[in-house]
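Asks: Structure provided below as structure tokens; questions to follow.
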Ligand SMILES: Nc1ncnc2c1ncn2[C@@H]1O[C@H](COP(=O)(O)OP(=O)(O)OP(=O)(O)O)[C@@H](O)[C@H]1O
Ligand SMILES: [Mg+2]
């Protein structure tokens, strides 16, 4: 049953899954981190409140987040095809994953930054810091561990979503599970892919938690 | 060095549709090199006032002049530069929790663009001044409140400010630690000539180190002047309340110093006998009651009195003996301790 062909397929699946998860997390942060910072800064108690900008970004984030991922995946097919030339496979899946992740990440980042003690921000202001310095020397530094914890959770969620994209030919372990388990009734292969997904998830969580602990100086 | 002039300062906040006047036509003149106390009850507007001095809070009306420069006329950039000349410390210390002690002290220098190497040299110097050389690498979460405030003081001094603003800097500390922080501030004022503005709700802080004091009530300055004068003869109700409300007597400081002071403590049962009155009758010599207070110590009501016995009356020893015979705890209070007791 588990001949060389299946094994290499599973190996390929692991590779694709990791590729989709990590690249979409990174790309998600490239968009979501600045977005989250802008949300925090323009928010009511932010460094530079601006209700127009805040409301527009807030609205966009809420809209995207309220569309279920599977539907987003299908709705975005034309866009994905235009961007990467095809609508199936792991690279194509990254597009909807990033679109889905960015607003989520923005929210997580906003929440982390809002948690920073306003007293510390006030102290920085009293030293003559400008808003830009406050963002990258105070907010991002003080929220460091909370941001990392958020990134760990986001990576886990994107791992799950990447597997979900298997239903429409997204590639990776989810794809294998759907093809073998759902269409061909080869339960054993499906079980193995599920176990692999669980193991990858655990590794991401544990690694993330360890890193957070190592960097947290607040309670030691 | 630097003086602060506040003219017709009014600050209004708008919250949920109503307007709240936090400061109402405040006028103050703080001379260069002074330690100036601003005291008032909670919500009086003290924090708003001190935050107006470096324009963290922009006044609704009126002016703040530092060295004759009107802060309202500065550009954002110049205002930030000016703020770097005004150090500030807070009740909650407000240290960066994710940075160690030395990085915290270097922080204002980093903001000002000072080279890292030079910043560290300066930071070490300051940590020495506040007696924390050995805590350089520690993180704030491992420090006691007093140590945190010392780091905050070192940090506030890093950019060589001419003014130091302290918003309830000792309110979160126990009396001993608070004392040592106040001594440090006094020392800094003497060594560096820095003007210090101290916000507090405790009269003991003011009497301990402030040259002058202003009393704030409902956003207005109700009384202002030399600390000793206000302490001797407070005029406003707010001042009287702050002085007596904090278990302080109304005695002028000089008078305290001319007496031999003893402290007697009696617990529930001995308080019933009129010991003091009997002693005065017996020795036919007056006693000055400097302070009388009862407090709950571990569930027992203890009475405490500070008595001034006139020097040269010759019966001081007899008084002490008389009290001891009646089971009272008698201790002599050194002159220097009297102020902190009272
Ligand atoms: N940003 C703000 N918005 C609305 N109201 C405010 C704001 N800041 C202060 N106030 C109000 O202004 C008044 C004075 O507040 P302030 O913080 O200056 O008092 P305080 O004397 O420092 O009191 P405490 O001893 O409790 O610190 C209070 O009634 C407070 O609720
Ligand atoms: Mg206050």
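Chains as they are written, first to last, in this note's numbering: chain A, 1 to 220; chain B, 1001 to 1342.
Even glycine gets a Cβ: it sits at the ideal position worked out from N, Cα and C.
#1: Please state whether the Cβ-Cβ distance between residue 1085(B) and residue 1162(B) is less than 7 Å.
#2: Quick one: list the residues of chain B neighbouring residue 43(A), beta-carbon separation under 9 Å, in chain order.
#3: Kindly indicate the opening and closing residues of the beta strand (DSSP E) around residue 1024(B).
#4: Among residues of its own chain, excluding the 5 on either side of residue 1173(B), which ones have a beta-carbon nearer than 8 Å to its beta-carbon?
#5: Find the residues of chain B that neighbour residue 133(A), judging by a C-beta separation of less than 9 Å, and give them in chain order.
#6: Are the C-beta of residue 1169(B) and some C-beta of chain E separated by less than 7 Å?
#7: Taking 6 Å as the cut-off, does the CB of residue 1017(B) come closer than this to any heavy atom belonging to ligand 1?
#8: Should residue 119(A) be flagged as near chain B, meaning a C-beta pair shorter than 7 Å?
#9: Let me know the beta strand (DSSP E) ranges lying completely inside the region 1142-1191 of chain B, each 3 residues or longer, listed in chain order.
#10: Between residue 112(A) and chain B, is there a C-beta pair that is closer than 7 Å?
#11: Along chain B, which residues have their Cβ under 7 Å away from the Cβ of residue 87(A)?
#12: Report the three-state DSSP secondary structure of residue 1224(B) (helix, strand or coil).
#13: Would you kindly check if the distance between the Cβ of residue 1154(B) and the Cβ of residue 1121(B) is under 7 Å?
#14: Which partner residues does residue 1036(B) have in the DSSP bridge list?
#15: Could you check what DSSP says for residue 159(A) in three-state terms: helix, strand or coil?
#16: Please classify residue 1098(B): is it buried, with 16 or more other beta-carbons within 10 angstroms of its beta-carbon, or exposed?
#17: Examine ligand 1 and report whether any of its heavy atoms sits within less than 6 Å of the Cβ of residue 1201(B).
#18: Are the CB atoms of residue 1221(B) and residue 1420(B) within a distance shorter than 7 Å?
#19: Ligand 2 heavy atoms versus the CB of residue 1047(B): any closer than 6 Å?
#20: Quick one: what's residue 1009(B) bridged to in DSSP?
#21: Tell me, please, which residues DSSP counts as bridged to residue 1069(B).
#22: Going by the CB atoms, is the gap between residue 93(A) and residue 165(A) shorter than 7 Å?
#23: Just list the alpha helix (DSSP H) runs in the region 1094-1126 of chain B, keeping only unbroken ones of 4 residues or longer that don't cross its boundaries, in chain order.
#24: Taking all protein chains shown into account, do 16 or more other C-beta atoms lie within 10 angstroms of the C-beta of residue 213(A), making it buried, or fewer, making it exposed?
#25: At a cut-off of 6 Å, is residue 1022(B) close to ligand 1 when judged by its beta-carbon and the heavy atoms of the ligand?
#26: Would residue 1190(B) be called buried (16 or more neighbouring beta carbons within 10 Å of its own) or exposed?
#27: Comparing the CB of residue 214(A) with every heavy atom of ligand 1, is any distance shorter than 6 Å?
#28: Can you tell me whether DSSP reads residue 1252(B) as helix, strand or coil?
#29: Going by the CB atoms, is the gap between residue 1062(B) and residue 1007(B) shorter than 7 Å?
#30: With H, G and I counted as helix, E and B as strand and the rest as coil, what does DSSP make of residue 1044(B)?
#31: Can we count residue 1319(B) as close to ligand 1, meaning its CB is less than 6 Å from some heavy atom?
#32: Spatial neighbours of residue 134(A) within its chain, please: C-beta separation below 8 Å, excluding the five flanking residues on both sides.
#33: Residue 1164(B) and residue 1087(B) look like a contact to me (Cβ under 8 Å); what is the Cβ gap, rounded to whole Å?
#34: For residue 1266(B), which of helix, strand or coil comes out of DSSP?
#35: Which two residues bound the contiguous beta strand (DSSP E) that contains residue 1087(B)?
#36: Any beta-carbon of chain B closer than 7 Å to the one on residue 123(A)?
Replies: Put simply:
#1: Taking the first residue of the second chain as position 1, residue 1085(B) is located at position 85. Taking the first residue of the second chain as position 1, residue 1162(B) is located at position 162. Yes.
#2: The count along the first chain starts at 1 and reaches residue 43(A) at position 43. Within chain B, no residue comes near residue 43(A); the closest Cβ sits about 17 Å away, beyond 9 Å.
#3: Taking the first residue of the second chain as position 1, residue 1024(B) is located at position 24. Start and end: 1018-1030.
#4: Position 173 of the second chain, counted from the first residue, corresponds to residue 1173(B). Closer than 8 Å at Cβ, skipping near neighbours: 1145, 1146, 1149, 1181.
#5: Mapped onto the first chain, residue 133(A) falls at position 133. What residue 133(A) touches in chain B: 1110, 1111.
#6: Reference to chain E is not applicable here, since the protein chains of this structure are A and B.
#7: Looking up residue 1017(B) in the second chain gives position 17. Result no, Cβ not under 6 Å from ligand 1.
#8: The residue labelled residue 119(A) in the question sits at position 119 within the first chain. Yes - at least one Cβ of chain B is within 7 Å of the one on residue 119(A).
#9: Counting whole runs of 3 or more residues, the region 1142-1191 of chain B contains the beta strand (DSSP E) stretches 1163-1167.
#10: Start at 1 with the first residue of the first chain, and residue 112(A) comes out as number 112. Not an interface residue.
#11: Indexing the first chain from 1 puts residue 87(A) at position 87. The premise fails here: residue 87(A) is roughly 44 Å from chain B at the closest Cβ pair, so nothing lies under 7 Å.
#12: In the second chain, residue 1224(B) corresponds to position 224, counting from 1. Looking at residue 1224(B) - three-state DSSP - the assignment turns out to be strand.
#13: Residue mapping note: residue 1121(B) aligns to position 121 of the second chain, counting from 1. Residue mapping note: residue 1154(B) aligns to position 154 of the second chain, counting from 1. Against a cut-off of 7 Å, the Cβ pair of residue 1154(B) and residue 1121(B) comes out as no contact.
#14: Here the question's residue 1036(B) lines up with position 36 in the second chain. Partner(s): 1197(B), 1212(B).
#15: Counted from its first residue, the first chain places residue 159(A) at position 159. Three-state DSSP puts residue 159(A) in a helix.
#16: As a first step, residue 1098(B) must be located in the second chain, where it is residue number 98. Counting Cβ neighbours within 10 Å, residue 1098(B) comes out buried, since at least 16 surround it.
#17: Indexing the second chain from 1 puts residue 1201(B) at position 201. Checking every heavy atom of ligand 1 against the Cβ of residue 1201(B), one is found closer than 6 Å.
#18: With chain B covering only 1001 through 1342, there is no way to say anything about residue 1420(B).
#19: Numbered from 1 along the second chain, position 47 holds the residue referred to as residue 1047(B). Yes, the beta carbon of residue 1047(B) sits closer than 6 Å to at least one heavy atom of ligand 2.
#20: Taking the second chain and counting its residues from 1, the one referred to as residue 1009(B) is at position 9. In the DSSP output, where bridge partners are listed per residue, residue 1009(B) has 1026(B).
#21: By one-based count along the second chain, residue 1069(B) stands at place 69. DSSP lists 1066(B) as partners of residue 1069(B).
#22: Numbered from 1 along the first chain, position 165 holds the residue referred to as residue 165(A). Numbered from 1 along the first chain, position 93 holds the residue referred to as residue 93(A). Cβ atoms of residue 165(A) and residue 93(A): closer than 7 Å.
#23: 1101-1111
#24: Taking the first chain and counting its residues from 1, one reaches residue 213(A) at position 213. By the 10 Å Cβ count, residue 213(A) comes out exposed.
#25: The count along the second chain starts at 1 and reaches residue 1022(B) at position 22. True, at least one ligand heavy atom lies under 6 Å from that Cβ.
#26: The count along the second chain starts at 1 and reaches residue 1190(B) at position 190. The residue is exposed, with fewer than 16 neighbouring Cβ atoms inside 10 Å.
#27: Taking the first chain and counting its residues from 1, one reaches residue 214(A) at position 214. No, the beta carbon of residue 214(A) sits no closer than 6 Å to any heavy atom of ligand 1.
#28: As a working mapping, residue 1252(B) is identified with position 252 in the second chain. Caution is warranted here: a pLDDT of 46 is assigned to residue 1252(B), below 50, making its placement in the model unreliable, and no coordinate value can be reported.
#29: Sequence index remark: in the second chain, residue 1007(B) carries index 7 (1-based). Sequence index remark: in the second chain, residue 1062(B) carries index 62 (1-based). Taking 7 Å as the Cβ cut-off, residue 1007(B) and residue 1062(B) qualify as a contacting pair.
#30: As a first step, residue 1044(B) must be located in the second chain, where it is residue number 44. Looking at residue 1044(B) - three-state DSSP - the assignment turns out to be coil, as it is neither helix nor strand.
#31: In the second chain, the residue the question calls residue 1319(B) occupies position 319. Not under cutoff, so the answer is no.
#32: What you label residue 134(A) is simply residue 134 of the first chain in a count that begins at 1. Around residue 134(A): 47, 121, 124, 125.
#33: Locating residue 1164(B) in the second chain gives position 164, where the first residue counts as 1. Locating residue 1087(B) in the second chain gives position 87, where the first residue counts as 1. With 8 Å as the limit, residue 1164(B) and residue 1087(B) qualify as a contact, their Cβ atoms being about 5 Å apart.
#34: Position 266 of the second chain, counting from 1, holds the residue named residue 1266(B). In the structure shown, residue 1266(B) sits in a strand (DSSP, three-state: E or B).
#35: Against the second chain, residue 1087(B) aligns to sequence position 87. Residues 1086-1090.
#36: Here residue 123(A) is taken as the residue at index 123 of the first chain, counted from 1. Yes - at least one Cβ of chain B is within 7 Å of the one on residue 123(A).
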